[in-house]
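The listed protein sequences correspond, in order, to chains A and B.
For the first sequence, position 44 matches number 44 in UniProt numbering, and the numbering has no gaps at all.
For the second sequence, position 566 matches number 566 in UniProt numbering, and the numbering has no gaps at all.
We treat Cβ as the ideally placed atom computed from N, Cα and C, and that holds for glycine.
Data first, discussion second: the structure below is written as C-alpha cells.
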Amino acid sequence: MSRSGVARTIDHDEFDPIGTLALVVLYFVVLTVMWLFTYFVEFLGHGPTVVGLLPLG
Amino acid sequence: MTRLFVDEYPGQARLVRAAFLNSFVALAIGATFGLIQAFHRTDIYRFLPSPDYYTVLTGHGVFLVISFVIFFLVGLFHWAITDSLGQRPSRAWLSWGWYGLMSLGTLIIAASILGGFMEEPPEVLGAPLSADVLFTFYAPLQANPLFYLGLIVFFAGTWLAGADWFRTWLTWKGEHPGKRIPLPAFMVLTTMIMWYLGSIGVIVSLVAFLVPWSFEVIPGVNPLLTRTLFWFFGHMVVYFWVLPAYLLWYNVLPTLSGGRLFSDPLARVVFILFVLLSTPVGIHHQYMDPGIAEGFKFVAMTNTMFLLLPSLLTAFTVVASMEHGARQRGGAGTFGWIRALPWKDPAFTGMALAGAVFAFGGFTGIVNAGMNINYLVHNTLWIPGHIHTQVGTATALSLMAGSYWLVPQLTGNRLVGRRIALFQVVTWFLGIVFMTNAMYRSGLFGVPRRTAEPQYSFEYDVGIGSMGELNAQIALGGTLLFVATVLFLGVMLLTVLNRDSEPLVDGTIPPALSGPEDSPRILDNLKLWAAIAIVLLVLAYALPLASVIQGGGLHGQDIRPYPVVLVDAVQHAGTILGVPIH
Numbered sequence: 001m002s003r004s005g006v007a008r009t010i011d012h013d014e015f016d017p018i019g020t021l022a023l024v025v026l027y028f029v030v031l032t033v034m035w036l037f038t039y040f041v042e043f044l045g046h047g048p049t050v051v052g053l054l055p056l057g
Numbered sequence: 001m002t003r004l005f006v007d008e009y010p011g012q013a014r015l016v017r018a019a020f021l022n023s024f025v026a027l028a029i030g031a032t033f034g035l036i037q038a039f040h041r042t043d044i045y046r047f048l049p050s051p052d053y054y055t056v057l058t059g060h061g062v063f064l065v066i067s068f069v070i071f072f073l074v075g076l077f078h079w080a081i082t083d084s085l086g087q088r089p090s091r092a093w094l095s096w097g098w099y100g101l102m103s104l105g106t107l108i109i110a111a112s113i114l115g116g117f118m119e120e121p122p123e124v125l126g127a128p129l130s131a132d133v134l135f136t137f138y139a140p141l142q143a144n145p146l147f148y149l150g151l152i153v154f155f156a157g158t159w160l161a162g163a164d165w166f167r168t169w170l171t172w173k174g175e176h177p178g179k180r181i182p183l184p185a186f187m188v189l190t191t192m193i194m195w196y197l198g199s200i201g202v203i204v205s206l207v208a209f210l211v212p213w214s215f216e217v218i219p220g221v222n223p224l225l226t227r228t229l230f231w232f233f234g235h236m237v238v239y240f241w242v243l244p245a246y247l248l249w250y251n252v253l254p255t256l257s258g259g260r261l262f263s264d265p266l267a268r269v270v271f272i273l274f275v276l277l278s279t280p281v282g283i284h285h286q287y288m289d290p291g292i293a294e295g296f297k298f299v300a301m302t303n304t305m306f307l308l309l310p311s312l313l314t315a316f317t318v319v320a321s322m323e324h325g326a327r328q329r330g331g332a333g334t335f336g337w338i339r340a341l342p343w344k345d346p347a348f349t350g351m352a353l354a355g356a357v358f359a360f361g362g363f364t365g366i367v368n369a370g371m372n373i374n375y376l377v378h379n380t381l382w383i384p385g386h387i388h389t390q391v392g393t394a395t396a397l398s399l400m401a402g403s404y405w406l407v408p409q410l411t412g413n414r415l416v417g418r419r420i421a422l423f424q425v426v427t428w429f430l431g432i433v434f435m436t437n438a439m440y441r442s443g444l445f446g447v448p449r450r451t452a453e454p455q456y457s458f459e460y461d462v463g464i465g466s467m468g469e470l471n472a473q474i475a476l477g478g479t480l481l482f483v484a485t486v487l488f489l490g491v492m493l494l495t496v497l498n499r500d501s502e503p504l505v506d507g508t509i510p511p512a513l514s515g516p517e518d519s520p521r522i523l524d525n526l527k528l529w530a531a532i533a534i535v536l537l538v539l540a541y542a543l544p545l546a547s548v549i550q551g552g553g554l555h556g557q558d559i560r561p562y563p564v565v566l567v568d569a570v571q572h573a574g575t576i577l578g579v580p581i582h
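Okay, here's the thing in C-alpha cells:
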C-alpha cells in the first residue's frame with residue numbers, strides 16, 4: 001500500500017487523460033446498449049407485466 | 001513508512017475509533033436484517049411472521065443509513081479535519097459531547113425499533129414501544145415518541161459535530177491568514193453546510209409535528225406536510241451519505257493508484273454544487289403525491305438534472321487521477337493503463353469497484369429523476385435497487401475499503417488478512433451486482449417495494465428469465481453481501497487485536513496536479529455559497545410548502561395515526577383481502 005510502484009513522475013502538462021476519455025465513451029456506449037436491450041427486448045411487443053387481480057369478494 | 005495519525009493525534013484517533021466502533025456494530029445488525037429480508041421477501045425461507053418484516057425493514061434502514069454511515073462519516077470527517085488542518089479540536093469535551101449525544105440518540109432509537117419484536121411491547125411514554133415506521137418516518141405511520149426523541153438527540157449530536165469542526169477551522173484560519181482551506185477540510189465544511197440547511201426540514205417535522213402528535217398534544221398532522229418536510233431532508237441526506245465516499249475518492253484513491261488528484265479546483269466546484277443543489281430537489285421523491293402541483297415537480301426535476309453535473313465531474317476527475325497513477329506506474333495504451341493499477345490492494349480495488357457501481361447506478365437515478373418515467377418505477381423494487389447501488393455500494397463499499405487504509409493508521413496495527421480483504425471487496429461487488437440487477441429488473445415488471453408479501457396473488461410476466469430466477473438472484477446477492485460484511489468485520493476485529501505489528505500503510509496525500517492556487521479564491525467563500533443555497537431553498541420550497549399548508553392545514557384534517565404495532569394489522573388486511581398472510 002505504498003507508492004513504491006511508481007516508475008516515473010508525470011507532471012500536469014505532460015498528462016493527457018486520453019484513457020479517461022476512452023472510458024467515458026465506453027460508459028455511454030454501454031448505457032446505450034443497455035437502453036436498447038431494455039426497450040426492444042424486455043418491453044416491446046409484451047403485454048401488461050403484472051397479471052392477476054386481488055380477490056376482493 | 002510515514003507518520004501515523006495515531007502517533008500524532010492519539011486523542012483524536014481514539015474518538016475516530018469509537019465512532020467507527022459504533023458504525024461497525026450498526027453494520028452488523030443492519031446486515032443481518034438485510035439477509036432476513038432477502039429470504040423473507042423472496043419467500044425462500046421465512047422464520048418471522050410477516051408483521052415483523054416491517055420491524056426488520058425499519059431496523060435495516062435506520063441502522064445502516066443513519067447509524068452505520070453517519071457514525072463512519074463523523075469519524076472520517078474528524079480525521080480529515082484534524083489531519084488536513086494539522087490542528088486538533090481544542091475542546092475535547094465538545095468532541096466527546098457530540099459523540100455521546102449521537103450514541104445516546106442511537107440507543108434510544110434502537111430500543112424503540114427493537115421493541116417491535118416483542119409480542120406485547122411495554123407501554124413507554126404512553127404508547128407501545130414500537131417504531132415500525134421505516135426509515136422514511138413521516139405520518140400517518142406513527143412510532144413511539146422515543147423514536148422521534150432519539151432522532152432529535154442524534155441530530156443534535158451531528159449539529160454539534162459540525163460546530164466542533166467549524167470551530168477548529170476558524171482557529172486554524174486565524175493562525176494561517178490568507179491560506180487556502182486544505183481540500184479535505186473544505187469537503188468537510190461544505191458537506192456540513194449542506195447538512196445544516198437540509199436537515200432543517202426534518203427537524204421542524206420532528207419538533208413541531210411528529211413529537212407533539214405522538215404525545216397527543218396536537219390532534220393530528222397533515223401527512224403531506226410531514227412527507228414534504230421529510231423529503232426536504234431526504235434527498236440532501238443521500239449526498240450526506242455519498243460525500244464521505246467522495247472524500248475518499250478525491251483524496252485517497254489517487255494516492256493509492258500511485259498518482260495525484262487531477263484537479264483540486266474541480267473538486268471544490270463539485271462540493272459547492274452539492275451545497276447549492278442537493279436540497280432544492282427533494283420534491284422529485286414526491287412525483288406520485290397528488291397534493292403537489294405538477295409545476296413544482298417540474299422545477300424539482302430541472303434542479304435534479306443540474307445535480308447530475310457534479311457526479312459527472314467527479315467521474316472524470318477521479319478516473320483521470322487513477323489514470324495518472326497508472327501511467328506513473330508504467331501503464332500505457334488507451335485501455336492498457338487499467339492493468340497497471342494496484343488491483344491487489346483491497347483499499348484501491350474496493351473504492352474502484354464502488355465507483356464503477358456508482359457510475360451505472362447513477363444512470364438509474366436519471367430514470368428516477370424524470371417525471372414521466374418515474375411513474376413506471378416509483379413504487380417498485382427498482383427504487384431499493386437504486387439505493388443499494390448508490391448508498392449500499394458506492395458509499396458502503398468505499399467506507400469498507402477506506403477502513404483498510406485508515407484503520408491501521410488509527411490503531412498503529414498492521415492490516416490482517418489483505419487477501420481476505422481483497423476477496424471481501426470482490427464478494428461485495430458480486431453480491432450487489434446479482435441483487436440489484438434482479439431488483440432493477442423486477443421493478444421494471446411492476447414488483448412492488450416495501451412489502452413482505454410482494455407475490456399476493458399476482459403473476460409477473462418477465463420478459464427474459466423468470467420470477468424464480470430474479471428471486472434466486474436477490475437471495476444469492478443478499479447472501480454474498482452478508483458474507484462480505486462478516487469478512488469485513490472479522491478483518492477489522494483481527495486488525496484491532498494485531499497489536500504487535502507495524503502498519504504497512506502510507507498515509508501521505510500528495511498535492512494535486514492542479515492545486516488550489518489555480519482557482520479563484522471565491523471558491524473558499526463559504527458564507528457566499530451558504531447564502532446562495534438559502535436563496536435557492538426559499539425559491540424551491542416556499543410556494544410548495546405554502547400550498548401544502550393551505551390545502552391540508554398545519555395539523556391536517558381528521559387524520560388518524562396508522563396502527564404501527566403490527567401485531568394484527570397485516571393479518572387483518574389479509575382477512576379483508578381474502579388472502580392468507582403468515
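Listed in chain order, the non-local C-beta contacts of residue 556/B below 6 Å within the same chain comprise 220, 221, 222, local neighbours out to five positions each way being set aside.
At a cut-off of 8 Å, the C-beta of residue 343/B has no neighbouring C-beta in chain A. Straight-line spacing of the CA atoms in residue 353/B and residue 485/B works out to 16 Å.
The contact set of residue 43/A on chain B, defined by CB atoms closer than 9 Å, consists of 444, 463 in chain order. Taken in chain order, the members of the segment 7-20 of chain A whose beta-carbon sits within less than 8 Å of a beta-carbon on chain B are 7, 8, 9, 10, 11, 12, 15, 17, 18, 19, 20. Taking residue 88/B as reference, the option from 69/B, 5/B, 21/B, 238/B with the minimal CA-CA separation is 5/B. Contact between residue 150/B and residue 105/B holds, with the beta-carbon distance rounding to 5 Å and staying under 8 Å. Closer than 7 Å at the C-beta level to chain A, one finds these residues of the segment 513-525 of chain B: 513, 514. Residue 46/A counts as exposed, since fewer than 16 other C-beta atoms from the protein chains shown sit within 10 angstroms of its C-beta. Interface flag for residue 27/A against chain B is set, since a Cβ pair is found closer than 8 Å.
Counting along the chain, residue 173/B sits inside the alpha helix (DSSP H) bounded by residues 145-175. Looking at the DSSP output, residue 54/B shares a beta bridge with no other residue. Its chain contains no residue whose beta carbon lies nearer than 6 Å to that of residue 107/B once the 5 sequence neighbours on both sides are disregarded. Segment contact: the segment 45-59 of chain B against the segment 6-14 of chain B, fewer than three CB-CB distances shorter than 8 Å; contact not assigned.
Rounded to the nearest angstrom, the gap between the Cα atoms of residue 12/B and residue 186/B is 19 Å.
Collapsing the DSSP output to three states places residue 460/B in a strand. Taking residue 55/B as the centre and dropping the five residues before and after it, the same chain places the C-beta of 113, 116, 117, 132 closer than 7 Å to its C-beta, in chain order.
In this structure, the alpha-carbon of residue 387/B lies about 34 Å from that of residue 122/B.
At a beta-carbon threshold of 7 Å, none of the residues of chain B lie near residue 36/A; the nearest stands roughly 14 Å away. Put simply, the CB of residue 49/A is near chain B, with a gap under 8 Å to one of its CB atoms.
Following the DSSP letters along the chain, one finds residue 297/B inside the alpha helix (DSSP H) bounded by residues 294-306. With contacts defined as CB atoms closer than 8 Å, residue 432/B and residue 395/B fail to qualify as a contacting pair. Under the 8 Å criterion on CB atoms, residue 24/A is classed as interfacial with respect to chain B. In the structure shown, residue 127/B falls within a strand segment according to DSSP collapsed to helix, strand and coil. Under the Cβ distance rule, residue 319/B counts among the residues neighbouring chain A, one pair being separated by less than 8 Å. Annotation for residue 206/B: 148, 151, 152 place their beta carbon closer than 7 Å to its own, counting only its chain and skipping 5 residues before and after. Interface residue (Cβ-Cβ distance to chain A less than 8 Å): residue 388/B is not classified as such. Cβ-Cβ separation between residue 382/B and residue 439/B: approximately 7 Å, consistent with a contact (criterion under 8 Å).
If you check the CB distance, residue 323/B and residue 19/A come in under 8 Å. Following the DSSP letters along the chain, one finds residue 288/B in no alpha helix (DSSP H), marked with neither H nor E.
In the DSSP assignment, residue 344/B falls outside any alpha helix (DSSP H), carrying neither H nor E. Closest option to residue 138/B, judged by alpha-carbon separation, among 214/B, 125/B, 160/B, 93/B: 214/B.
The beta carbon of residue 39/B sits closer than 8 Å to those of 45, 46, 475, 478, all from its chain and outside the five residues before and after it, given in chain order. Pairwise C-beta distances place the segment 414-421 of chain B out of contact with the segment 450-459 of chain B, as fewer than three of them are shorter than 8 Å. Looking only at 441/B, 32/B, 339/B, 336/B, the smallest Cα-Cα distance to residue 385/B is reached by 441/B. With a contact defined as Cβ atoms closer than 8 Å, residue 316/B and residue 24/A qualify at about 7 Å.
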